[in-house]
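Some notes on the structure that comes next.
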Amino acid sequence: MRLSQGFFPTVKEVPSDAVIPSHQLMLRAGLMRQLAAGVFSFLPIGYAVMKKVMTIIRQEMDAIGGQEFHLPALNPIELWEETDRVKAFGDIMFHVKNRPMVLAPTHEEVITHIAKDHVKSYKAMPQIWYQIQTKFRNEPRPKSGVLRGRQFTMKDAYSMDATWQGLDKSYELHREAYKKIYTRCGLTFHIVGASSGAMGGSGSQEFMVESNAGEDNLAVCSETGYAANVEIATSLMPNAGRVEANEPLKEVHTPNCRSIDEVAAFLSMPVGRCAKSLIFMNGTQPVLVLMLGNDQLNETKLQAVFGQEIRPAQTEELLQLTGADAGSIGPVGLEGKFTIVADKRLEEANGLVCGANKNDYHLMNLDLKRDVKVQAYYDFRMVEEGEPTPDGKGKLRIVKGIEVGHIFKLGTKYSVSMKANFLDEQGKENPIIMGSYGIGVERIIACHIEQHHDEFGIKWQKSIAPYDVHLICVNMNSEAVVKRSEALYAELTAAGISVLFDDRTDASAGFKFKDADLLGMPLQVIVGEKNLKNNEIEMKDRSAGKRWNVAADVAAAEAIAFVRS
RNA sequence: CGGGGUGUGGCUCAGCCCGGUUAGAGCGCUUGGUUCGGGACCAAGAGGCCGGAGGUUCGAAUCCUCUCACCCCGACCA
146 MRLSQGFFPT
156 VKEVPSDAVI
166 PSHQLMLRAG
176 LMRQLAAGVF
186 SFLPIGYAVM
196 KKVMTIIRQE
206 MDAIGGQEFH
216 LPALNPIELW
226 EETDRVKAFG
236 DIMFHVKNRP
246 MVLAPTHEEV
256 ITHIAKDHVK
266 SYKAMPQIWY
276 QIQTKFRNEP
286 RPKSGVLRGR
296 QFTMKDAYSM
306 DATWQGLDKS
316 YELHREAYKK
326 IYTRCGLTFH
336 IVGASSGAMG
346 GSGSQEFMVE
356 SNAGEDNLAV
366 CSETGYAANV
376 EIATSLMPNA
386 GRVEANEPLK
396 EVHTPNCRSI
406 DEVAAFLSMP
416 VGRCAKSLIF
426 MNGTQPVLVL
436 MLGNDQLNET
446 KLQAVFGQEI
456 RPAQTEELLQ
466 LTGADAGSIG
476 PVGLEGKFTI
486 VADKRLEEAN
496 GLVCGANKND
506 YHLMNLDLKR
516 DVKVQAYYDF
526 RMVEEGEPTP
536 DGKGKLRIVK
546 GIEVGHIFKL
556 GTKYSVSMKA
566 NFLDEQGKEN
576 PIIMGSYGIG
586 VERIIACHIE
596 QHHDEFGIKW
606 QKSIAPYDVH
616 LICVNMNSEA
626 VVKRSEALYA
636 ELTAAGISVL
646 FDDRTDASAG
656 FKFKDADLLG
666 MPLQVIVGEK
676 NLKNNEIEMK
686 DRSAGKRWNV
696 AADVAAAEAI
706 AFVRS
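What follows is the structure, given as structure tokens:
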């Protein structure tokens, strides 16, 4: 493609609405333009990248036996009522105003609908069905360019198996395929254990790209390979345990001591002997959660135990239910009325300080075996930077990550609610066992740029670069330079190399160089007057920032070798 | 949904507090000329009812009210 004839709206200035590098560069390099909040038009060069990413995805999905579908984004709302997800999605799902239809935010329902009619026997499985589709989600707050949009492209795949072992195998196939896809797309990523959330199912993992632009927090350890979303991450922290002296409970006056640190300091107790009480409401049932010292409660872990409806109690509820305000609340005397649970670090501990349910008073010498009946101990902790990994062999690092994929063992949630059953070898009817596997296409592009850019622009890796080579004719007034450039353009194109040829007559050399760095093709081939006088042509490896000259008559061969290496 | 911010030529922004001729700059665009290896120079142009509606006033980009859009932080995120 000749730059003089194509549509390449590059801009020098940083668009004021863009904050993160990938967003700024996708606009500046002319990959896309914003149409509305969270809605983007992809321009030719951006769509070229998207097609490359989709090709990689298709190749790897086909390699594991996936079959590509193209499913409607416009769905009858009844389909979503069958699985009760109209309610589950709530405002996130777009509803069509003048017909009882919705814009699909994902495609479990449509897939299951087809499977229900046609996958009737164990002999017809396993199946892997996938599609690359536009999805619609009415995000409350679109942000960071393409990273959180209201309309986006997703590859979603669904596996159907007759057995749970089959599901494990399908899941594993996807896991391996995804590794190949992200690796081929030039991303370094973590595979982290993830919360199953309201989607249900027996397990899920997320593919995460480490980035400050990310919205998720991950606990990772490069020595041990541990990686988990902080929502479910665990660490090896010692329990509080028991102390020798087992004194009776004693009420002490603790004026103006609200926080654990203040109480510990006032009573000259270590923070590690303080038990913090947190109150939640599970419907109408109050729940008291005991945490050790300053350990932070992980609400996702709490939800895993009590369900998604659980919420923190409000200030008025605290006073009404316990007789005290936050900071003076404790478990003693609340049995029966409250569900009392505690973090595992407090298991069987004694010699603890806790609130007395009387403002400005605390209890000392609390023994969780003697004074309170704790119904159960769970891991409720939020892990912190620097804590030992669960196997104790490494230290956790907390990093931000962008979710570029999520694989899910769905199980039978959708097949049961939509009655997608098959007959097994015994002629018995069973629900199809499903898995669901998603990849955000635009997110791959944004992450690629987040990981491969510098102050001058994008540094596309070869696999998804919109063009292989950026050929620059430095001086369009020099007949020799033009002739040489044209010859190179023809030769490279004939060799099957995709070339972006800067043959503009109205752009200065500097302008062309800046554009080339911004657009970021892996190899720049620069034909200029001075070098050509020595019968040389300059090459520039955009990623490595390396330049070198080659003899003019081997320039094409050199470029071809570079592209194919 | 709570908090903060911004809307002025295609882009980045100034002007607004303190109302007063024809609303500015740089970049980009058009034409002509000079340049030609790191976002060139000169000259001449085109392009804006200052997000929208209402109000105050002799007079509003500027003050007031409402509204819409977009961005950021938070909440939310199958």
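146 is the number of the first residue of the first sequence in our numbering; add one for each residue after it.
All C-beta atoms, glycine included, are put in the ideal place defined by N, C-alpha and C.
According to the DSSP assignment, residue 306 belongs to the beta strand (DSSP E) that extends over 296-306. Using a C-beta cut-off of 8 Å, the segment 573-582 makes contact with the segment 540-557, since at least three inter-stretch Cβ pairs fall below that distance. Here residue 318 carries a helix assignment [DSSP, helix/strand/coil].
Counting C-beta pairs closer than 8 Å gives three or more between the segment 496-507 and the segment 386-402, which meets the contact rule. Annotation for residue 605: no alpha helix (DSSP H) segment contains it, and DSSP assigns it neither H nor E. A distance below 8 Å between beta-carbons, with the five flanking residues on each side excluded, links residue 312 to the following residues of its chain, in chain order: 304, 306, 554, 556, 578, 579 and 580.
Sorting 256, 289, 469 and 438 by C-alpha distance to the C-alpha of residue 360 places 289 at the top.
A residue is called buried when at least 16 other Cβ atoms come within 10 angstroms of its Cβ; residue 515 does not meet this threshold and is exposed. Annotation for residue 574: the continuous beta strand (DSSP E) segment containing it runs 574-576.
Using a 10 angstroms sphere on the CB of residue 693, the tally of other CB atoms stays under 16, which defines it as exposed. In this structure, residue 613 lies near residue 642, with their beta-carbon atoms less than 8 Å apart. Here residue 645 is buried. Its C-beta has 16 or more other C-beta atoms within 10 Å. Residue environment analysis places residue 546 among the buried positions, since at least 16 neighbouring C-beta atoms fall within 10 angstroms of its C-beta. About 6 Å separates the CB atoms of residue 412 and residue 498; that is less than 8 Å, so the two are in contact. Comparing alpha-carbon positions, the option among 159, 292 and 202 lying closest to residue 184 turns out to be 292. Uninterrupted alpha helix (DSSP H) stretches at least 4 residues long and entirely within the segment 505-575 occur at 558-562, given in chain order. Remark: fewer than three beta-carbon pairs, one from each stretch, lie closer than 8 Å, so the segment 607-626 and the segment 211-223 are not flagged as touching.
Scanning its chain for C-beta atoms nearer than 8 Å, with the 5 sequence neighbours on each side dropped, one finds around residue 666 the residues 605, 610, 611, 612, 613, 614, 615, 645 and 687, in chain order.
Cβ contact annotation for residue 266 (same chain, cutoff 7 Å, sequence separation greater than five): 567 and 568, in chain order.
The beta carbon of residue 463 sits closer than 8 Å to those of 424, 469, 470, 471 and 474, all from its chain and outside the five residues before and after it, given in chain order. Linking residue 703 to residue 607 through their CA atoms gives a straight-line distance of about 15 Å.
Under the three-pair Cβ rule at 8 Å, the segment 483-491 counts as touching the segment 429-442.
In the structure shown, residue 434 falls within a strand segment according to DSSP collapsed to helix, strand and coil. Of all alpha-carbon atoms in 350, 384 and 383, the one lying nearest the alpha-carbon of residue 371 is that of 350. By the neighbour-count criterion, in which 16 or more other beta carbons inside 10 Å mark a residue as buried, residue 150 falls on the exposed side.
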